[in-house]
Amino acid sequence: MPKQRLSVVVTRQLPEPVETRMKELFEVERREDDTPMSREELAAAMQRADILVPTLCDNIDARLLAGAGERLKLIANYGAGVDHIDVATARQRGILVSNTPDVTAEDTADMTMALILAVTRRIPEGLAVMQAGDWQGWSPTALLGGRIAGRRLGILGMGRIGQQVAARARAFGMQVHYHNRKRLHPDIEAQHEATYWESLDQMVAR
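Under my numbering, residues 1464 to 1669 are what the sequence shown spells out, in order.
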């Protein structure tokens, strides 16, 4: 007799390759429309699932965990953080909580640099001009923006994402400064040519 597959409830639509692989391994129930579950829907899902796959939009607090079914043994968060999950209460209930801390660091750093470039090079303003049909032709000073090479970038929190941002900033010729709860190892500082500040106020004033 084949072994019964674990029941997995996914609270949001995930990328197709992820869902396809999950369906090969588990009995998967996923939300058909890409909106967060209501609290009532989430509570019901936690009653019937062996594994819950939430996202950062799902606030899983002590009350929800208290009402979870005996079957629920794992909350596999789709994301890096677990601030939206009461991990201590889950542990008391014997429910494991997992996350994906390394998966999105590079992607988040890419987006950070994209936003820095968009602001300094005035890309959103240029796009708005084009979309409005107001482009008057090239001018030496039109939407000139500024360069980021040689400028100082202050990073608050030099963890996985912060270090990935630092690597990209250095590639663009920026000076990296950072404030962190704990100073990094000298080898990591040297790798990013990063200057540490014990005080956030001092770093910002610099």
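The beta carbon of each residue, even a glycine, is placed where N, CA and C say it ideally should be.
Just to confirm my understanding: we take V1566, look at its own chain, exclude 5 residues before and 5 after, and list those with CB closer than 8 Å. What are they? Along the sequence shown, read from residue 1 onward, the residue named residue 1566 stands at position 103. The residues A1543, in chain order, have a CB closer than 8 Å to that of V1566 in the same chain once the five nearest residues on each side in sequence are set aside.
Got a sec, what are the start and stop residues for the alpha helix (DSSP H) L1528 sits in? The sequence position of residue 1528 within the sequence shown is 65, counting from 1. Its alpha helix (DSSP H) spans residues A1525 to A1529.
Got a sec, what are the start and stop residues for the alpha helix (DSSP H) E1533 sits in? Reading the sequence shown from its first residue, position 70 is the one you call residue 1533. Element bounds for E1533: n/a, residue is neither H nor E.
DSSP bridge partner residues for I1514 (one or two, in chain order): For the purposes of this step, residue 1514 is taken as residue 51 along the sequence shown, with counting starting at 1. DSSP lists V1471 and L1537 as partners of I1514.
Once you ignore the five residues that flank S1561 on each side, which residues in its own chain have a CB closer than 6 Å to its CB? Numbered from 1 along the sequence shown, position 98 holds the residue referred to as residue 1561. Excluding positions up to five away in sequence, the list reads A1539.
Going by alpha carbons, who is nearest to R1585 out of D1597, L1606 and S1602? Locating residue 1585 in the sequence shown gives position 122, counting from the first residue. When each option's Cα is compared against that of R1585, the closest is L1606.
Beta-carbon proximity check, S1501 vs F1489, cutoff 9 Å: Here residue 1501 corresponds to residue number 38 of the sequence shown, with the count starting at 1. Here residue 1489 corresponds to residue number 26 of the sequence shown, with the count starting at 1. Their beta carbons are not under 9 Å apart, which means S1501 does not touch F1489 by this criterion.
What residue range is occupied by the uninterrupted alpha helix (DSSP H) comprising L1663? Indexing the sequence shown from 1 puts residue 1663 at position 200. Element bounds for L1663: L1663 to A1668.
With distances taken Cα to Cα, identify the nearest neighbour of L1663 among L1528, D1497, L1505 and K1645. Within the sequence shown, the letter at position 200 stands for residue 1663. Ranking L1528, D1497, L1505 and K1645 by Cα distance to L1663 puts K1645 first.
For G1557, which residues of its own chain have a beta-carbon under 8 Å away from its beta-carbon, when the five flanking residues on both sides are left out? Counting from 1 along the sequence shown, the entry for residue 1557 is found at position 94. Excluding residues within five positions, the ones whose Cβ falls inside 8 Å are K1536.
Where are the beta strand (DSSP E) runs, 3 residues long or more, that stay fully inside the segment 1546-1622, in chain order? 1559-1561 and 1615-1619
How long is the line joining the alpha carbons of Y1641 and Q1510, rounded to whole angstroms? The residue given as residue 1641 occupies position 178 in the sequence shown. The residue given as residue 1510 occupies position 47 in the sequence shown. In a straight line, the C-alpha of Y1641 is about 45 Å away from that of Q1510.
Which same chain residues end up closer than 7 Å to Q1476 when comparing Cβ atoms and leaving out the 5 residues on each side of it in sequence? As a working mapping, residue 1476 is identified with position 13 in the sequence shown. The answer, listed in chain order, is R1493, R1494 and D1497.
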